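Number of protein chains: 4
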Amino acid sequence: MIKAGIIGATGYAGAELVRILLAHKDTEIVWYGSRSYVDQKFAKIYGNFFKLVDNICGGDDVAALAKEADVIFTATPQGFCASIINDEILSQTKIVDLSADFRLKDVSVYETWYKRTHEAPRYLDEAVYGLCEINREKVKHARLVANPGCYTTCSILSLYPLVKEGLINPDTIIIDAKSGTSGAGRSAKTANLFCEVNESIKAYGVTNHRHTPEIEEQLGYAAGRPILINFTPHLVPMNRGILVTAYASLTDPAVTEEAVRAVYEQYYGGETFIRLLDQDVTAETRWVEGSNYVDIGFRIDPRTRRVVVMGALDNLVKGAAGQAVQNMNLMFGLPETEGLLMPPVFP
Amino acid sequence: MIKAGIIGATGYAGAELVRILLAHKDTEIVWYGSRSYVDQKFAKIYGNFFKLVDNICGGDDVAALAKEADVIFTATPQGFCASIINDEILSQTKIVDLSADFRLKDVSVYETWYKRTHEAPRYLDEAVYGLCEINREKVKHARLVANPGCYTTCSILSLYPLVKEGLINPDTIIIDAKSGTSGAGRSAKTANLFCEVNESIKAYGVTNHRHTPEIEEQLGYAAGRPILINFTPHLVPMNRGILVTAYASLTDPAVTEEAVRAVYEQYYGGETFIRLLDQDVTAETRWVEGSNYVDIGFRIDPRTRRVVVMGALDNLVKGAAGQAVQNMNLMFGLPETEGLLMPPVFP
Amino acid sequence: MIKAGIIGATGYAGAELVRILLAHKDTEIVWYGSRSYVDQKFAKIYGNFFKLVDNICGGDDVAALAKEADVIFTATPQGFCASIINDEILSQTKIVDLSADFRLKDVSVYETWYKRTHEAPRYLDEAVYGLCEINREKVKHARLVANPGCYTTCSILSLYPLVKEGLINPDTIIIDAKSGTSGAGRSAKTANLFCEVNESIKAYGVTNHRHTPEIEEQLGYAAGRPILINFTPHLVPMNRGILVTAYASLTDPAVTEEAVRAVYEQYYGGETFIRLLDQDVTAETRWVEGSNYVDIGFRIDPRTRRVVVMGALDNLVKGAAGQAVQNMNLMFGLPETEGLLMPPVFP
Amino acid sequence: MIKAGIIGATGYAGAELVRILLAHKDTEIVWYGSRSYVDQKFAKIYGNFFKLVDNICGGDDVAALAKEADVIFTATPQGFCASIINDEILSQTKIVDLSADFRLKDVSVYETWYKRTHEAPRYLDEAVYGLCEINREKVKHARLVANPGCYTTCSILSLYPLVKEGLINPDTIIIDAKSGTSGAGRSAKTANLFCEVNESIKAYGVTNHRHTPEIEEQLGYAAGRPILINFTPHLVPMNRGILVTAYASLTDPAVTEEAVRAVYEQYYGGETFIRLLDQDVTAETRWVEGSNYVDIGFRIDPRTRRVVVMGALDNLVKGAAGQAVQNMNLMFGLPETEGLLMPPVFP
């Protein structure tokens, strides 16, 4: 049994890790780390785990936990993982960091967008960007995995094959993304109260959301050069789900939907968790809720010669905890899909 | 592998059966029966099963299916199961009927409340009312199980120990129930459109909802005599979940919360799927969503000497498909919890 | 023009007062009092009033405001109004208090249920309970009106004629109430976050909610003796609306629906804001949203001889700000319906 | 009093016309035309109007109605208005058509996108496109006004000044729009059931939604040449509201936010119903619900030199019934804002 510790277990992503790991046949959760709820019963904070989890929340002493756990998930605010990581810890345990600390290779980009000093830049090179479908082989040998953001996972997977194959002009990429409210976290803010979110939709972080450089870096690798994109997230009155609607101009106006589809098939045909939708179907978040699947579809506009790509995933699963477990599976040599094949829950 | 056929697979309860059985290690779904979608791909109707189910919807020929399937789930409108059942079918397969056809022992009660003639009253005696926690032993030997209704399961389990032990006066029982909208089914009705349900709550079936006699019959067995109750269901703007708030006068005004709790513990202490809540906690549907658990709690009002019992479950799982699979497990000698231990999904 | 000041303008009820008073042809709002947002633009807090209200939020100095305003609405936490009220203020202005400070005549009941010392018990006698349809004449001559609670307004109006006329046994009254989430206020609490409320329903304050004694007092006046009831509020995932489902035993089992209806007609037939529903219709909150109407309907259960009464209103309008303005209209000799005839908004 | 007739009064837009006209001091509704509910009480279909509207639904005989009504609103499916209009009717009454029949000047564009033959192309020239803020003078003298679509109103108003002043390259315009579900109408379709819409978001009509050519035509007038855009609508789990997020490249990369803002001020500074948001605020549908306001804001991305414009309105008010009444006011020489100044309802 893999002994797993969770730091930040009382956030939504942390609690989703608990849900997934409880049903994972090769893991045992040994630590429910929290900052706000130390010494309280975890199941008092998340009543869904009543009678399923008896543990008390512990603190966030990663150094101590590293001696006990085979893998530590840090579902923590920006800066935490960078502030505690060191060689000794990495010699004792593997780390899957769900924060942004090790996602960006260029420390100055991190410090510009996150407006904080990076406390452990020397691990940036070693850290593997844990987008399994792209970096599978590297993840297998990693000690430190930077688990991608929710918007990022959906955006990159939706566009990666088109950029990599040069089918679209990367400078024309516009990503309009929509997220359920669990993406805003569980801290008590007026803006996230039921009555403020319900019956409304808004954009936020317009032109400056922190997932922008992460998307640009990864798609830039695919393009072979730095790129700039527009990325606009929106808050939607639903609990879970991310929908990405991405626009880009085709480099060859004569390319057909069949040709584009063939490229997607080539990249994703063998992937369990990426479902390339039929041509008459568009992505809907309801079809992936609770699961680790990403649904991707597209249309070519015959008039403007732009492609419109739509991707949908569950922000807490493939966008956070599910992908973290997928990374863990790879890091420990388990079947990549272990514990992650639960069908989407609808309605 | 148990070969399972589903008639009514394209309703919400039917589709939930698919979700649960897909993850059940001892079953294989051999038939996706539908009336509205014959010859269409099941995964076109329920996109969550895209790439997970390749099957085409079949019709509702139970006689043919009985030759192939070890168990048939009929998640069908009232009257269907009664119209097709016969000895030959029952000699070939087991049936778990999710409709009301075999829930009421008294055919005249059925005909009065459902306003239709019962086509197979001779099976009423044989049919076992499939509330596993109450009728476990009978279910194990049944060929025909009448799977309880969603409101009913929640209402009966919430009150059963109190009635059985004579702690409350059954004639004072008032059940005020609230249900998510999936309970209203998937047929296209104006009253169930998003804009009609969202931002509203209403009672319906006031004084005449069909689950009333079912609750009365089962609680009447516990009371040892016929009883009459008030039952009022409400439609709530959420997808899943039933909350029952039940009121009754204590027979002994001096009884303590500890004593009442002890009775609940005596009946349900060993039950996996019934979670008796701590005394400072009230039942909330969010904590059971997607799972087979029923959460039950209560308070005694020291002023009126009434007990207020609150029960919560997921209407599609413990209130329909989950309980049906729990019954199937018992009927086939499998562990009762097989395929049903998925933790609740929150948020 | 009546000069109106609002203390607590940045709560949901306060902001609803702004919405109503802006459209009221005889009033001018001269003060937007707040505790949390002093010196900020009101329209920055409530973007719906952008370009409609230019004012800056002021503090809560009622003594100063009393010199300027003809009427002051205190939409403030319990204890505030009692802590500031005095003869000088009441000689200068009229007060409509939306808190519970002056709703209960018996100070010991207040102190028991609200767990605080009442700072101005000498005004309890003078204060008029502002349920206009019941206390209309008294309100007209009041200096200090205690505006009823939201649950209370709906509960009392639904049952008042039946209690007053002795049609039901008051000791059998059970009120099961359901509220939209704006009733929980705008302060930032985890329990009221979108993801916590959405897709869930729960009871709260079971057996001890503070609106209980208010209902008991008012219905006790109607009964001519003290009564005890059960009152259970529930939180529903919607912004606005209260639905009350009330149960009581008929004193005369032979009474007909026509007879009960005649009593309702006698009491409410002339009321603008009470709509007695047709006998085949049940109350739904969607039909009153945004308006000052209360919809009331009922059924007699021929089997249990209980009456089930259902009432629906908008908790922020008839349950708070609308009723406060209705009281103001009466206090100033204006037509009672002035500024309150906006039709409900649906969907 | 202006006598107003409504054809299609039982759709959501028709019912919203009723709500607005009931509170309009210069109009009287003389006809509640319906196809599905003829001879039924209107208030039985829309319970919010119980006791407010006593009328029975009539049919759709516009020729007869024209003799009685000063203005007829046709809130009807595509093709209806074109099928009944003639000179006699237009000599007797004014028409505000809420369908698309007379929005597009080029009949071939209509026939291509709507896949039907236009039955009255000879009125296309006369019809005035009723976007009041753009075509105010023409509307004043019109007999036949084509009331703009909901997406269209929001899209055009958001971008018009930028296109007209040449600040953006029209060929780069991408409009990503999000709508509440009332935009999908009140007919009973499975796809619009509560459980299908709730907890999900999806795009639809990708590359081929019928509002596309309407936006292109109007912005083409502003540009002085034909343009092609991408327009993608999305269905959001909320009742009302449209949010448009539009992207376009600046023609002069050096243009400042102040300069862009000045242009918006120049066009909209005097408009009552267009609220140009402060630079630190983004449009949110919750702030316009129930009202005739459009909120518009923008950001310039300093990295990509694109402008991101966000507009929000209530699809049933400024996107349908409110704008129709605004047009009526202009057509009859009333103050343009008459009956339309109700503040937005929040929460």
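Chains as they are written, first to last, in the working numbering: chain A, 1 to 347; chain B, 348 to 694; chain C, 695 to 1041; chain D, 1042 to 1388. Here a beta-carbon is modelled for each residue, glycine too, at the ideal position from N, C-alpha and C. What you are looking at is a predicted structure, and each value in this text was computed from that prediction instead of being measured.
Quick one, are the C-beta atoms of I562(B) and I522(B) less than 8 Å apart? A contact, by the Cβ cut-off of 8 Å.
How big is the Cα-Cα spacing for P682(B) and K372(B)? Going by the C-alpha atoms only, they are around 12 Å apart.
Contacts around T1253(D), its chain only, beta-carbon distance under 6 Å, and the 5 residues preceding and following it disregarded: The answer, listed in chain order, is F1272.
Extent of the continuous alpha helix (DSSP H) to which R646(B) belongs: Looking at the DSSP string, R646(B) is not in any alpha helix (DSSP H); the run it does join, the beta strand (DSSP E), is 641-647.
Who are the neighbours of A878(C) on chain B, taking C-beta pairs under 8 Å? Going along chain B, no residue has its Cβ under 8 Å from A878(C), so there is no contact; the nearest lies around 14 Å.
Against A413(B), what residues of chain C qualify as contacts under a CB-to-CB distance less than 8 Å, listed in chain order? Under the 8 Å cutoff, chain C gives no residues; its nearest Cβ is about 38 Å from A413(B).
I'd like to check one pair, E1330(D) with V1386(D): are the Cβ atoms closer than 8 Å? Going by C-beta atoms, V1386(D) is nearer than 8 Å to E1330(D).
Quick check on P649(B): buried or exposed, where buried means 16 or more other Cβ atoms within 10 Å of its Cβ? Exposed is the call here.
Exposed unless 16 or more other CB atoms sit within 10 angstroms - verdict on E480(B): Looking at its Cβ environment, which holds 16 or more other Cβ atoms inside 10 Å, E480(B) is buried.
Whose C-beta lies closer than 7 Å to the C-beta of V930(C) among residues of the same chain, with five residues either side of it excluded? Excluding five sequence positions before and after V930(C), the CB atoms of its chain that fall closer than 7 Å to its own CB belong to K872, S873, G874, I895, given in chain order.
For the alpha helix (DSSP H) that I739(C) lies in, which residues bound it at each end? If you look at I739(C), you'll find it in the alpha helix (DSSP H) that goes 736-739.
Please report the straight-line C-alpha distance between R306(A) and F332(A), rounded to a whole angstrom. For R306(A) and F332(A), the distance between alpha carbons rounds to 42 Å.
Contacting residues, own chain, Cβ-Cβ under 6 Å from Y268(A) (five flanking each side not counted): For Y268(A), where only same-chain residues beyond five positions count, the Cβ hits under 6 Å are I274, L276.
Contact check, Y12(A) vs G185(A) under 8 Å by CB: the rounded distance? The Cβ separation is near 7 Å, so the contact holds.
Expected contact under 8 Å - CB spacing of V492(B) and V443(B) to nearest Å: Contact between V492(B) and V443(B) holds: CB atoms are separated by about 5 Å, below the 8 Å threshold.
Could you compute how far the alpha carbon of T357(B) sits from the alpha carbon of K391(B)? Taking the straight line joining both Cα atoms gives about 10 Å.
Can you name the residues of chain A whose CB is closer than 7 Å to the CB of V891(C)? Against chain A, the beta carbon of V891(C) has neighbours under 7 Å at F194, listed in chain order.
Length of the line joining the Cα atoms of A1263(D) and L22(A): Annotation: A1263(D) to L22(A) spans about 60 Å, alpha carbon to alpha carbon.
Within 10 angstroms of the Cβ of Q670(B), are there 16 or more other Cβ atoms? Answer buried if so, exposed if not. Buried: at least 16 other Cβ atoms inside 10 Å.
Does any CB atom of chain D fall closer than 8 Å to the CB of N933(C)? Taking Cβ atoms only, chain D reaches closer than 8 Å to N933(C), which makes this a yes.
Straight-line CA distance for K414(B) to E685(B)? Straight through space, the alpha carbons of E685(B) and K414(B) are spaced by roughly 25 Å.
Determine, for Y1245(D), whether the minimum Cβ-Cβ distance to residues of chain A falls below 8 Å. Taking Cβ atoms only, chain A reaches closer than 8 Å to Y1245(D), which makes this a yes.
Between D819(C) and A836(C), what straight-line distance do the alpha-carbon atoms span, to the nearest angstrom? Taking the straight line from one Cα to the other gives about 11 Å.
Residue ranges of each alpha helix (DSSP H) within the segment 252-309 of chain A, 4 or longer: The DSSP assignment places complete alpha helix (DSSP H) segments of no fewer than 4 residues inside the segment 252-309 of chain A at 257-268, in order along the chain.
Looking at the unbroken beta strand (DSSP E) that takes in V379(B), where does it start and where does it end? According to the sequence displayed, residue 379(B) carries Tyr and not Val. From DSSP, the beta strand (DSSP E) with Y379(B) extends over 374-380.
Give the DSSP bridge partners of H1409(D), in chain order. This structure gives no information on residue 1409(D), because the portion of chain D shown stretches from 1042 to 1388.
In terms of residues, what are the limits of the beta strand (DSSP E) holding V1285(D)? Per DSSP, V1285(D) belongs to the beta strand (DSSP E) from 1283-1290.
Interface residues of chain D facing A188(A) [CB-CB closer than 9 Å]: Within chain D, no C-beta atom comes nearer than 9 Å to that of A188(A); the closest sits roughly 17 Å away.
Measure the beta-carbon distance from N239(A) to S182(A) and round it to whole angstroms, keeping in mind my assumption that it falls under 8 Å. The pair is a contact, with the Cβ atoms about 5 Å apart (cut-off 8 Å).
Cβ closer than 7 Å: which chain B residues qualify as neighbours of K25(A)? Near K25(A) there are no residues of chain B at all, since even the closest Cβ is about 11 Å away, more than 7 Å.
Checking 8 Å against the spacing of the C-beta atoms, do L1145(D) and F1114(D) come in under that value? Contact flag unset, no.
Start and end of the beta strand (DSSP E) containing K1135(D)? Element bounds for K1135(D): 1135-1138.
Against N230(A), what residues of chain D qualify as contacts under a CB-to-CB distance less than 8 Å, listed in chain order? Listed along chain D are Y1288, D1342, T1345, R1347, V1349, each with a C-beta nearer than 8 Å to that of N230(A).
Taking 8 Å as the CB-CB cut-off, is A223(A) touching chain D? No, because no Cβ of chain D sits closer than 8 Å to the Cβ of A223(A).
Straight-line gap, E965(C) to L887(C) (C-alpha atoms, nearest Å): About 38 Å.
Run through chain A and tell me which residues come within less than 9 Å of T1323(D), C-beta to C-beta. Those are K202, A203, Y204, V206, listed as they occur along chain A.
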